[in-house]
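So in the UniProt record's numbering the end of the sequence shown lands on 1048, straight run, no missing numbers.
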Amino acid sequence: MGRLQHHHRSRSASSSSFARSSDTAATDADARSLAADATVDCPFGHVNGLTRSDLREAAYEVFFMSCRAAGGGRLNYFPAGESGGGDVSPTIGAGPRGGTGMSVVNSRVKRALGLKARRSSQPTTARVSSMNASSAPGSPGRAMWAMSQPSTPVSPGKGRRPMTSAEIMRQQMRVTEQNDARLRKTLMRTLIGQVGRKAETIVLPLELLRQVKLTDFADSGEHHQWQRRQLKLLEAGLIAHPSLPHDRLNAVVLRFREVMQAADTRAIDTGKTSDAMQALCNAVHALAWRSAPGSKAAGGDACHWADGYPLNVLLYVSLLQAIFDLKEETVVLDEVDELLELMRRTWPTLGITKMLHNVCFAWVLFQQYVVTGQIEPDLAGAALAMLTEVAADAKQESRDPVYARVLSSILATIHDWSEKRMLGYHEWFGNGNCGAGGAMAMEGALSLALATTQIISDNAIFTSISTAETEHEDCSVGSFAGDRVDYYVRCSTRSAFTKILENGLGQGDSLIIDRHDDEDPGDILARLAGDTEHIALSERDAFGPVLRRWHPFPGAIAAVTLHGCFGVVLKQYLGKATVLSNELVHVLHAAGRLEKALVQMVVEDVADSDDGGKSVVREVVPYDVESIVFGFLRTWVEERLKICRECMLRAKETESWMPRSKNEPYAQSAVELMKLAKATVDEFFGIPVAVRDDLVQDLADGMEAIFLEYISFLTSCGSKQSYLPSLPPLTRCNQDSKIIRLWKKAATPCRAPVSSPRAHGHHQGQGGMASGGQNPRPSTSRGTQRLYVRLNTLHFILSHVHALDKSLSFFSRGRCSSSPSSAATARLLAPCSHFDRARAAAQSAVGHVAEVAAYRLIFLDSHHSFYDGLYVGGVADARIRPALRTLKQNLSLLLSVLVDRAQPVAVREVMKASFQAFLLVLVAGGGDRSFTKEDHGMVEEDFRSLKRAFCTRGEGVVTEEVVDGEAEAAESVVALMGQTAEQLVEELSIACELNGTASSAGQRMPLPETTWRWSRTDPDTILRVLCHRDDEVASHYLKRAFQLPKRR
1 MGRLQHHHRS
11 RSASSSSFAR
21 SSDTAATDAD
31 ARSLAADATV
41 DCPFGHVNGL
51 TRSDLREAAY
61 EVFFMSCRAA
71 GGGRLNYFPA
81 GESGGGDVSP
91 TIGAGPRGGT
101 GMSVVNSRVK
111 RALGLKARRS
121 SQPTTARVSS
131 MNASSAPGSP
141 GRAMWAMSQP
151 STPVSPGKGR
161 RPMTSAEIMR
171 QQMRVTEQND
181 ARLRKTLMRT
191 LIGQVGRKAE
201 TIVLPLELLR
211 QVKLTDFADS
221 GEHHQWQRRQ
231 LKLLEAGLIA
241 HPSLPHDRLN
251 AVVLRFREVM
261 QAADTRAIDT
271 GKTSDAMQAL
281 CNAVHALAWR
291 SAPGSKAAGG
301 DACHWADGYP
311 LNVLLYVSLL
321 QAIFDLKEET
331 VVLDEVDELL
341 ELMRRTWPTL
351 GITKMLHNVC
361 FAWVLFQQYV
371 VTGQIEPDLA
381 GAALAMLTEV
391 AADAKQESRD
401 PVYARVLSSI
411 LATIHDWSEK
421 RMLGYHEWFG
431 NGNCGAGGAM
441 AMEGALSLAL
451 ATTQIISDNA
461 IFTSISTAET
471 EHEDCSVGSF
481 AGDRVDYYVR
491 CSTRSAFTKI
501 LENGLGQGDS
511 LIIDRHDDED
521 PGDILARLAG
531 DTEHIALSER
541 DAFGPVLRRW
551 HPFPGAIAAV
561 TLHGCFGVVL
571 KQYLGKATVL
581 SNELVHVLHA
591 AGRLEKALVQ
601 MVVEDVADSD
611 DGGKSVVREV
621 VPYDVESIVF
631 GFLRTWVEER
641 LKICRECMLR
651 AKETESWMPR
661 SKNEPYAQSA
671 VELMKLAKAT
681 VDEFFGIPVA
691 VRDDLVQDLA
701 DGMEAIFLEY
711 ISFLTSCGSK
721 QSYLPSLPPL
731 TRCNQDSKII
741 RLWKKAATPC
751 RAPVSSPRAH
761 GHHQGQGGMA
771 SGGQNPRPST
781 SRGTQRLYVR
791 LNTLHFILSH
801 VHALDKSLSF
811 FSRGRCSSSP
821 SSAATARLLA
831 PCSHFDRARA
841 AAQSAVGHVA
851 EVAAYRLIFL
861 DSHHSFYDGL
871 YVGGVADARI
881 RPALRTLKQN
891 LSLLLSVLVD
901 RAQPVAVREV
911 MKASFQAFLL
921 VLVAGGGDRS
931 FTKEDHGMVE
941 EDFRSLKRAF
951 CTRGEGVVTE
961 EVVDGEAEAA
971 ESVVALMGQT
981 AEQLVEELSI
991 ACELNGTASS
1001 AGQRMPLPET
1011 TWRWSRTDPD
1021 TILRVLCHRD
1031 DEVASHYLKR
1041 AFQLPKRR
């Protein structure tokens, strides 16, 4: 012992650099373990008072003791196959026989786990360049010297040998030379004279406390800290976590705690005569050497100080973690077979079984895979291989309760970690996460999730581990793995969609439709559609190849899920939309493009499936964008038509038929209505939708109904019958004596111009005739001028209706062209058929309003100079010249007020009304008018003057052919006035016979029917001419044939 102590002290200075580097490595490893804990929680819990490094050092001490006690000499490797054979796990297989070192050709364990051999023939941590003659193999001096040498290979000329198991294990466990020396010294003293003593009968912390003195440490503080660690280890194994339960308030436990409390303040005396040490030994012996109740085993066969859970598992896991290269943490040492075989010797002390080893080894491989950033898929594969062993073990009926706890904890941790990533694999493995090996990392996580979930579902004991139920049972692919992948795809896809939705909103608790910031919700939704398609593409390209190993069409499932997620948001948005806008159309177009892309992905992904993916396709609820657009567009059309109708109804209440301006002699309401209609059509075709054509006719019909109602309102201005005078009763002229006639002629210069009271009143209202009628002013009343505005308005409507019809026909047939000239040509050639009824109604209204205006102008506005003044009192004294002067002034005003397109019809109607008034003067002039055959010349001359007034004053608006055509009927009546009474009687008889109204002999002849169609062949017309003929023959005939009375 003295030699070993002297050797340790002599080398302490030379090994200080290693101690520092070892401490640094331990610190780095602990930091990595802490980082791993942030990702995956330790399933075994923790032991109070013991850190990771404390557990690692304690594990090495147990390992060293187990191997040294079993071998009785230096640490070497002896194959398990030579010591009893039997069935062994592939992870505890036999390796090459070890003498002074190891010569590893290949690893059975690595081959079984699918791990590749190292690139070099020697481990990074196991290279030595030469032998130290003063250090025997396995001694502390030799091990320390070997680990302090550089890792670079030496020249072939120099001798070299592999490191021994002790050297590799100490280096892997990061144990300092001082601790190793103390351990070797303690075991040497403990085992002197006890050859063959089993390691499981040694309470190692107690032996270390007995043998290691204060002089073995650099200072008292270090010794006190080491002593407290050993006592904490004893407390954890014997009191806190014993394998055999006991009463924690019994005397032995209380005595142990008293020693612990004393050691908290200062180091206890561990000499043989120390009361504290004696009390500690008695308490430890009483607690460790116990048997389970009912057990037949003798109390001295084994002690139980480190086989309680979770201490035993934590210590064993610390040993298993030594199989990984310190410099390349993803690499398992090629010497793993020998190291695992040596670790097996700790099983009796730690209470480890083969089943516990398998599950702990699976955990260590998984933990290392996570700690190293999931960059080595071989580690995940190795963990899966071990989980296969674990699955077989878990099916065994006889299970140790500790094993069940360990297995449940590990499976729950691995399951939670892997399923957490698979439920959000877009976030964990997308966007460059996990580096270039993202696909392999995802495959590893998925394999682990499926393996653990399978084990959990196959064993009823794992009721505390919850696994989410698979969605959409009707879409099951018929396998456990496929159904789980289906669930992962749906959940991860929804999570990815939710994330981009929240990123687009800027906050997760706000709906698109309720945002109050400046960003347009439509823009957010359109951008969301693009991001959703990007997720689907990444699913197909990045994740699909991995997932397709377990699921036949994962891309289709993701596309269907995304389709549903976006559909929910779209439905919320549409629920708040009230009118069709460009923003809404933009959103619907984006939704349509997204749906088309997603459906295409579904079709492509399920093309090779057995049922053609019918179960997946049934999940797709179409957005039906076209129907939505159609519905919104129909609502938009109805709203706009409602606005147009309100404009028309408002016109009915407020329109005064005053011209808008001198340059726009139209009604204000018509201008507003047409402007609104044009804006409606322009906006309608400005909406970028494809379903517009189906509503073009609806829009046209609605607008046409409004136009028809407005035209009907515009036409409601009365009729010409309201202005025609009533026909006087038929009488025969009274034949005055020659004396009376002379008196009337002499009295004529003294009487005022003949006019009726009606004419006088209206004449005064119109300003009369200035300067005795020499310079008459227009007699057109305000009411007639308003009729002119109506005429202008009708033509304004006609022109705009025609333009609207062109636009509807042009756009609805898609005749758009990039060339302006071709577009203009197409617009001109576009057939107009949408407003045929409105055009026909407007054309008819033009004639009606023009007729009413003309009759009002002639029979009301000009009655004083025309019907009420012409030929009154005698033809020679009341010629047509004054009436013509007034007519010409009225025509000038008419032409100045009416637009060009309205003038021909208006002048023609005025001409027809004038001819009608002239005929009424001749055939229904009343008692103030009488004619003789000699008056025919003057009447004929006056009528020619009337005709010329329209040919000349109309300024070409009405042609002579039209004038002559309209004058034919009047000229035939004027011609009758040139006939004698006898001739007129003959004409009447012939006309009556032709009409079937002739009387039989001795009977009174019936009066002809009044048709208001004055002509030479009309019996009523001839009869009225006779009634106005101042002739004895005519008077006698009328009395004899019709018993007509004389005028009074």
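Note that CB positions come from ideal geometry on N, CA and C, so glycine has one too.
Item: Could you tell me which uninterrupted beta strand (DSSP E) segments, each at least 3 residues in length, are contained entirely in the UniProt domain "MHD1" (585–727), listed from first to last along the chain?; Value: none
Item: Under a Cβ-count criterion, where at least 16 other Cβ atoms within 10 Å of its own Cβ denotes burial, should residue 484 be classed as buried or exposed?; Value: buried
Item: So is residue 370 buried or exposed if we call it buried at 16+ other beta carbons inside 10 Å?; Value: buried
Item: In whole angstroms, what separates the C-alpha of residue 351 from that of residue 308?; Value: 8 Å
Item: Near residue 439, what residues of its chain come up, given a Cβ to Cβ distance below 6 Å and the 5 sequence neighbours on each side ignored?; Value: 546
Item: For the alpha helix (DSSP H) containing residue 456, list its first residue and its last residue.; Value: 438–458
Item: Flag this pair as yes or no: are the beta carbons of residue 47 and residue 241 separated by less than 8 Å?; Value: yes
Item: Sorry if obvious, but does the Cβ on residue 723 come closer than 7 Å to a heavy atom of the ligand GTP?; Value: No copy of the ligand GTP appears in this structure; indeed no ligand is present at all.
Item: Looking only at its own chain, which residues have a Cβ that is under 6 Å from the Cβ of residue 531, when we skip the five neighbours before and after it?; Value: 500
Item: Rounded to whole angstroms, what's the CA-CA distance from residue 732 to residue 1028? Just pull it up for me.; Value: 7 Å
Item: Taking C-alpha atoms, which residue in 924, 730, 384 lies nearest to residue 114?; Value: 384
Item: What residue range does the alpha helix (DSSP H) around residue 413 cover?; Value: 401–422
Item: To the nearest whole angstrom, what separates the beta carbons of residue 966 and residue 912, a pair I think is in contact under 8 Å?; Value: 6 Å
Item: What runs of the alpha helix (DSSP H), each 4 residues or longer, lie entirely inside the region 228–287?; Value: 251–265
Item: Decide yes or no for the touch test of the region 195–205 against the region 59–70: beta carbon pairs closer than 8 Å, at least 3 of them.; Value: yes
Item: Helix, strand or coil, according to DSSP, for residue 931 in the structure here?; Value: strand
Item: What did DSSP end up calling residue 801 once you bin it into helix, strand or coil?; Value: helix
Item: If I follow the unbroken alpha helix (DSSP H) through residue 839, where does it start and stop?; Value: 836–856
Item: Can you grab the Cα-Cα spacing for the pair residue 575 / residue 632, in whole Å?; Value: 12 Å
Item: State buried or exposed for residue 313, treating a residue as buried only when at least 16 other CB atoms are found within 10 Å of its CB.; Value: buried
Item: Classify residue 395 as helix, strand or coil using the three-state DSSP reduction.; Value: coil
Item: So what does residue 332 bridge to, in DSSP terms?; Value: 324
Item: Can you tell which of 1019, 978, 1011 has the C-alpha that lies nearest to the C-alpha of residue 990?; Value: 1019
Item: For residue 560, collect the residues of the same chain with a Cβ closer than 7 Å to its Cβ; drop the 5 residues on either side in sequence, then sort them by chain order.; Value: 602, 616, 619, 620
Item: Are the Cβ atoms of residue 681 and residue 807 separated by less than 8 Å?; Value: yes
Item: Taking residue 290 and residue 54 to be in contact with their CB atoms under 8 Å, please state how far apart those CB atoms are, rounded to whole angstroms.; Value: With a Cβ gap of about 25 Å, residue 290 and residue 54 do not count as contacting.
Item: Measuring alpha carbon to alpha carbon, tell me which of 679, 657, 654 ends up nearest residue 640.; Value: 679
Item: What does DSSP give as the partner residues of residue 1046 in its beta bridges?; Value: 732
Item: Quick one: grab the DSSP three-state call for residue 944.; Value: helix
Item: Check for me: the alpha helix (DSSP H) holding residue 291 runs from which residue to which?; Value: From DSSP, residue 291 is part of no alpha helix (DSSP H); its letter is neither H nor E.
Item: Could you pull the DSSP bridge partners for residue 1029 from this structure?; Value: 931
Item: Measure from the alpha carbon of residue 112 to the alpha carbon of each residue in 952, 379, 563, then state which is nearest.; Value: 379
Item: Just checking my contact of residue 536 with residue 556 at CB under 8 Å: how many whole Å lie between their CB atoms?; Value: The pair is not a contact, with the Cβ atoms about 10 Å apart (cut-off 8 Å).
Item: Does the Cβ-Cβ distance between residue 1050 and residue 971 come in under 8 Å?; Value: The question about residue 1050 has no answer here: the residues shown for the chain are numbered 1 through 1048.
Item: Mapping the DSSP letters down to three states, classify residue 45 as helix, strand or coil.; Value: coil
Item: Under the rule that 16 or more other beta-carbon atoms within 10 Å means buried, what is residue 941, buried or exposed?; Value: exposed
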